[in-house]
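4 protein chains.
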Amino acid sequence: LAQSRHRSRAGASPAVPAPARANDFARRYREVRAVTQTLAAPLSAEDCTVQSMPDASPVKWHLAHTTWFFETFVLEPEVADYRPFRPEFRTLFNSYYNTVGPQHARPQRGMISRPGLDEIRDYRSHVDRRVLDLLERDLGGAALDIIELGLHHEQQHQELMLTDVKHLFSLNPLRPAYQESAPLATAEPPALRWCHHPGGIAWVGYGSDAFSFDNERPRHRLLVEPFALASRLVTNAEFLAFIEDGAYQRPELWLSDGWDAVHKQGWRAPLYWWREDDAWHTLTLAGPRPVRPDEPVCHVSLYEADAYARWAGSRLPGEIEWEIFGARAAVDGNVLETGLLHPRPLAVENSDSPAQLFGDVWEWTSSPYAPYPRYQPPSGALGEYNGKFMVNQLVLRGGSCATPRSHLRATYRNFFPPHARWQFSGIRLASDAP
Amino acid sequence: LAQSRHRSRAGASPAVPAPARANDFARRYREVRAVTQTLAAPLSAEDCTVQSMPDASPVKWHLAHTTWFFETFVLEPEVADYRPFRPEFRTLFNSYYNTVGPQHARPQRGMISRPGLDEIRDYRSHVDRRVLDLLERDLGGAALDIIELGLHHEQQHQELMLTDVKHLFSLNPLRPAYQESAPLATAEPPALRWCHHPGGIAWVGYGSDAFSFDNERPRHRLLVEPFALASRLVTNAEFLAFIEDGAYQRPELWLSDGWDAVHKQGWRAPLYWWREDDAWHTLTLAGPRPVRPDEPVCHVSLYEADAYARWAGSRLPGEIEWEIFGARAAVDGNVLETGLLHPRPLAVENSDSPAQLFGDVWEWTSSPYAPYPRYQPPSGALGEYNGKFMVNQLVLRGGSCATPRSHLRATYRNFFPPHARWQFSGIRLASDAP
Amino acid sequence: LAQSRHRSRAGASPAVPAPARANDFARRYREVRAVTQTLAAPLSAEDCTVQSMPDASPVKWHLAHTTWFFETFVLEPEVADYRPFRPEFRTLFNSYYNTVGPQHARPQRGMISRPGLDEIRDYRSHVDRRVLDLLERDLGGAALDIIELGLHHEQQHQELMLTDVKHLFSLNPLRPAYQESAPLATAEPPALRWCHHPGGIAWVGYGSDAFSFDNERPRHRLLVEPFALASRLVTNAEFLAFIEDGAYQRPELWLSDGWDAVHKQGWRAPLYWWREDDAWHTLTLAGPRPVRPDEPVCHVSLYEADAYARWAGSRLPGEIEWEIFGARAAVDGNVLETGLLHPRPLAVENSDSPAQLFGDVWEWTSSPYAPYPRYQPPSGALGEYNGKFMVNQLVLRGGSCATPRSHLRATYRNFFPPHARWQFSGIRLASDAP
Amino acid sequence: LAQSRHRSRAGASPAVPAPARANDFARRYREVRAVTQTLAAPLSAEDCTVQSMPDASPVKWHLAHTTWFFETFVLEPEVADYRPFRPEFRTLFNSYYNTVGPQHARPQRGMISRPGLDEIRDYRSHVDRRVLDLLERDLGGAALDIIELGLHHEQQHQELMLTDVKHLFSLNPLRPAYQESAPLATAEPPALRWCHHPGGIAWVGYGSDAFSFDNERPRHRLLVEPFALASRLVTNAEFLAFIEDGAYQRPELWLSDGWDAVHKQGWRAPLYWWREDDAWHTLTLAGPRPVRPDEPVCHVSLYEADAYARWAGSRLPGEIEWEIFGARAAVDGNVLETGLLHPRPLAVENSDSPAQLFGDVWEWTSSPYAPYPRYQPPSGALGEYNGKFMVNQLVLRGGSCATPRSHLRATYRNFFPPHARWQFSGIRLASDAP
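Protein sequence lines, in the order shown, are assigned to chains A, B, C and D. Residue numbers for the first sequence, in the numbering used here: 129 to 562. Residue numbers for the second sequence, in the numbering used here: 129 to 562. Residue numbers for the third sequence, in the numbering used here: 129 to 562. Residue numbers for the fourth sequence, in the numbering used here: 129 to 562.
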């Protein structure tokens, strides 16, 4: 059963009795599913249909795939004689679960003009009714675990809907906006300070009873050298200094594969930046505007983050260095719920601890995405959720302005290939202790 | 002026007085533009947005580009202080007119989720009103000539809308249908006969006063060897014999580039054919169904047409051979107006002359698309309409089941590259006279 | 039998008795085969091994393939119990004859470091001895015909050896030279004149009893419009004016596919030209040097030739227009035997007829490479020699500075795809008669 | 200075006095350089010229580049007024040192038919004489350090010469052999046992005074969980069971990127394996022969190694797990000096410790290639040697049958991207302790 893997390895059952838990689940299910609908609301059926690149998916596909997840992993096993909403969807909206069966080819997701957005909305309603029915009945812990996983899965796709729409709109010469802009006062970010840690044996990874993804487990010990973490994110002003110092033309600052990417892709600045009237402009989900120097830099690849750190005489943090500080911080910040959908300037000076750890931008770490010691993926199809991607990617930490708050944890491990730039990804520096 | 090129070289003005001509134009303008809307009616906004391959365009783009043509080539020069519906459209819906200015990249036409279909419909209405206003006023012959060209241009895109939607639907595992199917009785196509021509000096190309494209001109003489043209199109039954004789595995039947295409593309049958339950099936605009042996074969490339002819101990006709017989036939057949949108079995035996010359399928000829002797493209942007494509393509003749009847002529020259298969393209054989 | 196709359609046997003919063949066989060796002599084994692009072949491969031709088409059928020099060569050095069997993939020809050049020389000697043995015995006319074809085939590869080595050396930053340069006096090419032809019925194609390729046959009549042919080739000075007029940045001068090629390939000048010290330089087989204004322009594609002609207010000749004048001229000029291996400035004014028709550069025509009326390829493997390439290419006429004189005829049809530039290809203008 | 990084961080000078050290260096220099020549001896100039794929280089390039290393990093800085052997070589044989200047494009290394092999041999002699001259004079420790690095660099290229030639020969249908085969008795490899380690704090990385690469430093501590390492390498017999169990068709066994590679590359077995006469065959440097079940499996990618481990219910070792056992073993085995140039069956049962740790095949680990804590690359050009490749690759340990013995250490970190198969790369299993 998949259950045991999403829970702690010790197999301890949650203390909450099942009926109360199901009750709570029904509320959360409604809430999370409604957020998805709300995020899609400003988009036309046409906006929801187009796939802008193989890495991105149409919003319609996100709406359907998250529903498919509940249909496939909850309704099919739990409802006797369940008849699928439409049998073809089993293949059409399967992302990458080979154990479930074949998949519609990823780069072809944008060819599916039908089913239309209306039919996908019906699909969502249909599955919602059946899942909520189930939650009123006696549902075992294993099924509840999968529903919980499904809700976290849906939250991941909420963020992807926003980043994928942003990419789509960036290809449109009309420069459409997803939402109105909310003007923010100009800030003067505080000077960067170093937050020190003495090193030693540290416990990392998820160890409690509540939900986490399998890749955050098991909790384990590590020996950490003394280090320091930057007190805040790198800003656009700082990144502009890097650009103006000719960094995109200086191979000695780059990893070899990064230098190749700069040349092949013609990178000269972060994604969505362009020069106009002698100034850098950028695209936000509220439309185009000049680059603000006080905001955290965003939409950079690992290669650019790494080159920036080298140029700054510093380095990127390891994911564990980040987690050590993240575990002490409140899980809050400029997340999806602020509604800004863009990284926010840091105005207030923090106390001793690093600011902006959660929200704003996913922070590239130098850590390749690899299994923790004694990691075991769940058995069955859900074992494909995380484990098979543990190569050729790097870990990002902390969540972004498009991540729901309740989705985040200090132990959360996001991962993307080093060339990816369309996520809200930014830079925090780290340093060896003197 | 572009006018002179679209008219006869002798420059004779049409006999019809301008006001009557404008009157007639208003009626035709309304008719042709309405057909376009009717063809788009069964499609959702999502269907109209997606681009299935770089060769094809979204229906929304066709709707807008044909409108752009009138806005750019009629309203801008003819209406004082004309303000464009939306200035960005000048680039967005320019297909390939470098003289007009830059173009939105062709393979990116499917990224344009906005403007939405509704806005494009408004664009059409806006331009229609202004063009019809113009037609009520005193409009010169040159402008009328361009409107006439614009209507023929729109008819070309009517056919492309259908072939492009068919291609899009072919990529959808749900196999949607564009329209209901109209069942036809099974036919027994008559045996193929040869219609002979003694050769000699022939006049070809368009020579009268009415509309033709520049590439049909000038009318000129040629020396033609004796030849014979097949009395009807090649049928699916005949093409199946070719397949079953292993033709797709026999290099000696193919042009060298054709054999490469067979291998690189994995061709084993015409486009849209697949094996299912031990039988060949195909996709039609009325949905999937078994291949009918009595229908003309369709969706073949020049390479397949040429290989079939070689296998059959015959050859493809030269475009002039086709035109000699086409010029004697009535311009009618299974064209757009029959509503079948699929080639139709030949039931009735013809008299002495070839059947199915017009409609059903565009007939590949062996003639590379090249200028006629002393061909001159129009000056200005409209000189880019045809002339610059006169390389790497072959001529097809006769129109298809998706071509409007009033669009066709015996001198009409369609052209596609030899690997193209998504048009309604088929095969008629020719032969040297004994 | 292949014989009948390489001879006249009427099948008339040559008047020369077979033994005398064989005697003559032995002499010519030795001569032609020796030229090949001479051309390879300045090259190291390493030079002979590398393939610089899929369109080009290693010299070693040319040496072997021309030998394979005699082994496969003469020794195997004519020598009882013939044992191949090395059985693997049947596949390894088969260019494109599917009828003979599989072929080593063309882009992999440069991977064959073994057999080494020495072994290929042994292979040549071995086959030469056996063919010359045969020529001392009673050999039928059909076999002699194939030997004759093999010698013309070898001459084609002599030219390709030079163009392929030139391309290879162009990729070497050391800029090696194939031979010493022979300085030529500066010329002042005469002004371009037009040589007129009144049009009418013309006979074209090869009609005599001697050797021609199948694609030059059958001789047939055509109706030709009045036209004029330029009295000489376009010079570098003239082509420089085209460049300096911004032609490579002006889409209106180009065929659509040509404009794409300009952009995708970054063309700014003919192949092998580059700017250095504010002057254009070029590569010759005698090494790099400044571009001479008085030489015929060379290494241009059909697209560049066509754009130049349009820019010059003129057009390219049809192949038949060229042939009409070619048939009246002496088959001589700056061909392989002059040893220059580069187009030569025209110094002496010609009489009334066009100069430089033969030699210097292959002249692009506007004629797609297509079969003549009633063309029939030979049966069997040799039917693949020409016929299967009759699509997607254009005809070039007249031969170049790398073509053996005895290889040329007025009816000779060379052919390359429109983007090809590594052959010695240049431009002659034509014009409609006033 | 580069020196300090290649030496211990503490900066301790070697105990050996400089003159004696130089003396020793002269001997080793001669030896190492002579091995390179010996390895190239069986190859023709043509063999040495061809580049079989962008990942591989021509042997001639290896011969020149290793020489360029000494010329650029030793002769240029140390010899007053040094005049380069040929100035163009600075660019032509620069592999990837941006700090030194531009580089001839890697995929174009095979285009360099000139300089010929003879000239490269002269180049080697020239540089050897100058370096040996220097070694007779008073040379500082920094320069000696760079010579030492250059010798280890040359040994790396000795191995690459063999793997690159093997790849080249694999593309030749004549299946050439690099050397004669030495028949080995059939072995019965002992059953796989687990060698346990209790975990705890471990010191890893290079810590002594002698040579190591910068990426092996600094020596540092780690916390290691209890684990077990397999007593021997995975054999062909075992890997055949994996194949026969349908593993190449079972997505659940593979990393996602690995499954993509299987499909895109059509992998069905290790590189150089093919079916013939109902048996698997493979290519060795002594030519083709049937796959021996008793040999260690070789030429597998990380993806195949990882899938095999998963199939076997086990996992790959982390690089530190390997190093812990490697540090206790003698640095010996089936290395270059045995002359087999192929992995060797394990006949003799080992004692308690793992066998085959050094030699035979490079062992894939699960460890992404990343810097050790507080790693600092050398300053200057030699900082590009290792550091800039620390992304998108995985670590391999232990050396292969093509690695010189004196080149290996327990701390040695080799690295390749996960899809690479042309190195002698194989599999050792590891396991969590029970």
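Built from N, CA and C at the ideal position, the CB exists for glycine as well. Note that this is a predicted model, so its numbers are computed, not measured.
Residue i - DSSP class collapsed to helix/strand/coil
{"i": "L299/A", "result": "coil"}
{"i": "V352/B", "result": "strand"}
{"i": "E366/B", "result": "helix"}
{"i": "S336/A", "result": "coil"}
{"i": "A315/B", "result": "coil"}
{"i": "T539/B", "result": "coil"}
{"i": "F153/A", "result": "helix"}
{"i": "A310/C", "result": "coil"}
{"i": "S534/C", "result": "helix"}
{"i": "D560/B", "result": "strand"}
{"i": "I329/B", "result": "strand"}
{"i": "A358/D", "result": "strand"}
Beta-carbon separation (whole angstroms), residue i vs residue j, contact threshold 8 Å
{"i": "Y436/C", "j": "V362/C", "result": "6 Å"}
{"i": "S180/C", "j": "L296/C", "result": "4 Å"}
{"i": "S481/D", "j": "G446/D", "result": "That belief does not hold up - the Cβ atoms of S481/D and G446/D are roughly 18 Å apart, past 8 Å."}
{"i": "S384/B", "j": "K516/C", "result": "4 Å"}
Cβ-based burial, residue i [other Cβ within 10 Å; buried from 16]
{"i": "V476/A", "result": "exposed"}
{"i": "D246/B", "result": "exposed"}
{"i": "E404/A", "result": "exposed"}
{"i": "K188/D", "result": "buried"}
{"i": "L411/B", "result": "buried"}
{"i": "A319/D", "result": "exposed"}
{"i": "E264/C", "result": "exposed"}
{"i": "W382/D", "result": "buried"}
{"i": "A162/B", "result": "exposed"}
{"i": "E174/D", "result": "buried"}
{"i": "H391/B", "result": "exposed"}
{"i": "Q551/D", "result": "buried"}
{"i": "E449/C", "result": "buried"}
{"i": "S185/C", "result": "buried"}
Residue range of the unbroken alpha helix (DSSP H) whose run includes residue i
{"i": "G386/D", "result": "S384 to Q393"}
Limits of the beta strand (DSSP E) - the one that residue i falls within
{"i": "C176/A", "result": "It is not in any beta strand (DSSP E) - C176/A carries neither H nor E in the DSSP assignment."}
Whole beta strand (DSSP E) elements within the segment 446-531 of chain C, 3-residue minimum: 490-496 and 522-525
Length-filtered (3 minimum) beta strand (DSSP E) runs lying within the segment 228-307 of chain C: none
Any beta strand (DSSP E) of 3 or more consecutive residues that is wholly inside the segment 190-234 of chain D: none
Continuous beta strand (DSSP E) assignments of at least 3 residues falling wholly in the segment 400-454 of chain A: 401-404, 407-412 and 415-418
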